[in-house]
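Per this note's numbering, the sequence shown starts with residue 122, numbered consecutively.
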Amino acid sequence: MTLGIDDLPVRDELRGQSPYGAPQLDVPVRLNTNENPYPLPEVLVERITERVRAAARDLNRYPDRDAVELRTKLAEYLTDTAGHRVGLENVWAANGSNEVIQQLLQTFGGPGRTAIGFEPSYSMHALIARGTGTGWISGPRGADFTIDLAAAERAIAENRPDVVFITTPNNPTGNAVPPETVLALYEAAQAAKPSVVVVDEAYVEFSHGASLLPLLEGRPHLVVSRTMSKAFGAAGLRLGYLAAHPAVVDAVQLVRLPYHLSAVTQATALAALEHTGTLLKYVERLKEERDRLVRELRAIGYEVTESDANFVQFGRFEDAHAVWRKILEHGVLVRDNGVPGWLRVTAGTPQENDAFLDAVREVQCLVG
Ligand code: PMP
């Protein structure tokens, strides 16, 4: 007899659950996980090699536990791009923003506590909540995928969550949350209970609008989380970070594993931050391609949600999963996030996007 997960003495809340599972299929055009399609430029690959070679000489030692040089450079990047001064003391980094979120939930959530997100949104918020023993509350979104402020305020007042997630631009829908809404939700959260509000800005570099970092001023319970996986084109690096009041940075030290960020990771991220200007040029290209996808999908006759991210949500389909499969038959992998009637496509290179648009034109004929 084969032994399954549920035959093991796993925690009750893990029984019958499945792990995060965006398919990693070997197809010609992969537009399903919001990666940046452009490989790192050769000069940066060289610089990474140099920095990693230097780090390799010291691998007998543990890395800088506080990642001081890296956090200083991340703070400089934020200060330069968001028009709000952020220092080393405001920044914390971890292995992807997923780990940042996990550390935040370990610190401010946990057994007997709850977190809320406004769904559909980034599914890992709920999964990480479960993994940290935090109760999950699925807050509402309007039919147009915007956050209905009155309904969201009500959900916060009724549930009094310990952690509030606001993803802007939102994944998988693509739309940004207006700053006034974030401010109102912060106020509602503080009135209900002194809770922590996490603004997940994984895609903010692709936005038409500005970062919400300036809102940190005078709001010690606000946290902005960021990643190098999207705009920096470094999903394989696994580097996420947050900006917040220094007390929040001190608090997450209570749960972080010692030496969680390897010397190789720190060296690689520092090399990438030396080339911010070059990397952000790709962002401009991707924004243009994202806008082209929106235009062309609408011209074909699809409904498209406004996008401030590097991906586009399109529909509507009676059976989105059947359409997902048909697009895959054309060698193009998009994402079925389980939002009924909708699929999501990541902006790729112009050639990849052409292949996708050709596929959806044909598929549209097939479904009629
Ligand atoms: N937040 C959002 C909204 C995301 O879409 C993602 C990645 N898909 C992440 C966080 C996690 O990114 P990473 O762990 O690669 O930094």
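For every residue, glycine included, the Cβ atom is placed at its ideal position computed from N, Cα and C. All values reported here derive from a predicted model rather than from experimental measurement.
Secondary structure of I268, DSSP reduced to three states: Taking the first residue of the sequence shown as position 1, residue 268 is located at position 147. Coil.
CB contact flag (N216, L334, <9 angstroms): If you number the sequence shown from 1, residue 216 lands on position 95. If you number the sequence shown from 1, residue 334 lands on position 213. Taking 9 angstroms as the Cβ cut-off, N216 and L334 do not qualify as a contacting pair.
Unbroken alpha helix (DSSP H) run spanning S218, endpoints: Position 97 of the sequence shown, counted from the first residue, corresponds to residue 218. 218 to 229 is the extent of the alpha helix (DSSP H) around S218.
Return yes when the C-beta of Y243 is under 8 angstroms from any heavy atom of the ligand PMP, and no when it is not. Residue mapping note: residue 243 aligns to position 122 of the sequence shown, counting from 1. Under cutoff, so the answer is yes.
Measuring only the C-alpha atoms, how far is A441 from D185? What you label residue 441 is simply residue 320 of the sequence shown in a count that begins at 1. What you label residue 185 is simply residue 64 of the sequence shown in a count that begins at 1. Their Cα atoms are separated by approximately 47 angstroms.
Quick one: using the 10 Å Cβ neighbour count with 16 as the cut-off for buried, is V455 buried or exposed? As a working note, residue 455 is residue 334 in the sequence shown. Counting Cβ neighbours within 10 Å, V455 comes out buried, since at least 16 surround it.
Flag E240 as yes when its Cβ comes closer than 8 angstroms to any non-hydrogen atom of the ligand PMP, and as no otherwise. Position 119 of the sequence shown, counted from the first residue, corresponds to residue 240. Flag unset: Cβ of E240 not near the ligand PMP.
Three-state secondary structure assigned by DSSP to F477: Counting from one through the sequence shown, the residue named residue 477 turns up at place 356. It is helical.
Residues around the ligand PMP, please: the condition is that the C-beta lies closer than 6 angstroms to some non-hydrogen atom of it. After applying the 6 angstroms Cβ criterion, the set is N155, G217, S218, N219, Y243, T288, N292, D321, A323, T348, S350, A356, G361.
Assigned exposure category for S346 - 16 Cβ within 10 Å defines buried: For the purposes of this step, residue 346 is identified with residue 225 of the sequence shown, where counting begins at 1. Burial call: buried.
If you compare alpha carbons, which of V373, W257, G295, I237 is closest to L306? Here residue 306 is taken as the residue at index 185 of the sequence shown, counted from 1. Closest option to L306, Cα to Cα, is I237.
Grouping DSSP H, G and I as helix and E and B as strand, with all else coil, what is R182? Walking along the sequence shown from the start, residue 182 turns up at place 61. R182 falls in the coil class under three-state DSSP.
Do T294 and F266 have their CB atoms nearer than 9 angstroms? The sequence position of residue 294 within the sequence shown is 173, counting from 1. The sequence position of residue 266 within the sequence shown is 145, counting from 1. Contact annotation: T294 and F266 have beta-carbon atoms nearer than 9 angstroms.
Count the other C-beta atoms from every protein chain shown that fall within 10 angstroms of the C-beta of I126, then say buried if there are 16 or more, exposed otherwise. Counting from 1 along the sequence shown, the entry for residue 126 is found at position 5. When all chains shown are included, I126 counts as exposed.
For the segment 314 to 333 against the segment 283 to 293, do three or more pairs of beta-carbon atoms, one drawn from each stretch, fall closer than 8 angstroms, so that the two count as touching? yes
Can the beta-carbon of M245 be found closer than 9 angstroms to that of N219? Numbered from its first residue, the sequence shown carries residue 245 at position 124. Numbered from its first residue, the sequence shown carries residue 219 at position 98. Closer than 9 angstroms, so yes.
Same chain, Cβ closer than 6 angstroms to A309, neighbours up to 5 away in sequence not counted: The residue you call residue 309 lines up with position 188 of the sequence shown. Around A309: E274, I277.
Where Q223 and I249 are concerned, what is the direct C-alpha to C-alpha distance, given to the nearest angstrom? The residue labelled residue 223 in the question sits at position 102 within the sequence shown. The residue labelled residue 249 in the question sits at position 128 within the sequence shown. Cα to Cα, Q223 sits roughly 6 angstroms from I249.
Alpha carbon to alpha carbon, how far is V131 from P315? For the purposes of this step, residue 131 is taken as residue 10 along the sequence shown, with counting starting at 1. For the purposes of this step, residue 315 is taken as residue 194 along the sequence shown, with counting starting at 1. Distance from the CA of V131 to the CA of P315, rounded to the nearest whole angstrom, comes to 33 angstroms.
Considering only the alpha carbon of each residue, which of A176, P241, D187, Q227 lies closest to V460? The residue you call residue 460 lines up with position 339 of the sequence shown. Of A176, P241, D187, Q227, the residue nearest in Cα terms is P241.
On a CA-only basis, which of P149, L146, N155 is nearest A355? Give me that one, please. For the purposes of this step, residue 355 is taken as the residue at position 234 of the sequence shown. For the residues P149, L146, N155, the minimum Cα distance to A355 belongs to N155.
Out of K194, G469, A214, state which residue places its alpha-carbon closest to the alpha-carbon of E405. By 1-based counting over the sequence shown, the position of residue 405 is 284. G469 is the residue among K194, G469, A214 whose C-alpha sits nearest the C-alpha of E405.
So D371 is in the alpha helix (DSSP H); what residue range does that whole segment cover? The residue labelled residue 371 in the question sits at position 250 within the sequence shown. Start and end: 367 to 373.
Is the segment 192 to 202 touching the segment 389 to 409 in the sense that three or more CB pairs, one from each, lie closer than 8 angstroms? The answer is yes - the segment 192 to 202 touches the segment 389 to 409, with three or more Cβ pairs under 8 angstroms.
Keeping to the same chain, check which residues put their C-beta closer than 7 angstroms to that of A480; ignore five residues upstream and five downstream. Residue numbering aside, residue 480 sits at position 359 when the sequence shown is read from its first letter. Once the five neighbours on either side are set aside, the close Cβ partners of A480 are I448, H451, V453.
Leaving out the 5 sequence neighbours to the left and right, which residues in its chain are closer than 6 angstroms to L165 when beta-carbon positions are compared? In the sequence shown, the residue the question calls residue 165 occupies position 44. These residues qualify, in order along the chain: H396.
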